[in-house]
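In what follows, a single structure is set out as structure tokens and then discussed.
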Amino acid sequence: NDADPNTATTLFDIDGLADQVVIQAPANSGSLSATGKLGGDYTGNIGFDIYSTTRGSGFFEVDLLTGRADRVGMFTTNVVDIAIPLGQL
């Protein structure tokens with residue numbers, strides 16, 4: 318989320334049926350434009366959120382311009398929520 322009211326923001330979504338990252342513009346209209354494929358077959362309800370499978374849970378880094386998703390690491394336990402304070406990354 319863009320916390321600076323003086324700058325513009327872009328709303329990114331994930332289209333799970335097409336396995337791609339899309340831009341939603343304007344944010345309230347629902348018009349979607351593809352940016353690139355995720356590079357894998359992702360099923361079910363996915364998004365920039367928690368998504369788990371029987372293979373486990375992990376962190377993925379998503380390139381918003383190409384759509385490419387790469388696993389950064391796996392969790393050793395079932396994760397249901399993550400919160401990071403602003404300015405901590």
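Remember, my numbering sits 317 above the position in the sequence shown when you count from 1.
Where a beta carbon is used, it is the ideal one built from N, C-alpha and C, also for glycine.
Residue closest to residue i, alpha-carbon to alpha-carbon, out of the options
i, options, result
"Lys354", "Thr394, Leu381, Asp321, Val396", "Leu381"
"Phe329", "Gly384, Phe377, Asp321", "Gly384"
"Asp358", "Val339, Ala386, Pro343, Ala342", "Ala386"
"Gln337", "Pro322, Val397, Asp398, Leu349", "Leu349"
Residue i, DSSP secondary structure in three states
i, result
"Ser374", "coil"
"Gly356", "coil"
"Gly390", "strand"
"Ala351", "strand"
"Ile399", "coil"
Enclosing beta strand (DSSP E) for residue i [first to last residue]
i, result
"Leu328", "328 to 332"
Per DSSP, the bridge partner or partners of residue i
i, result
"Ile340", "Phe329, Ser350"
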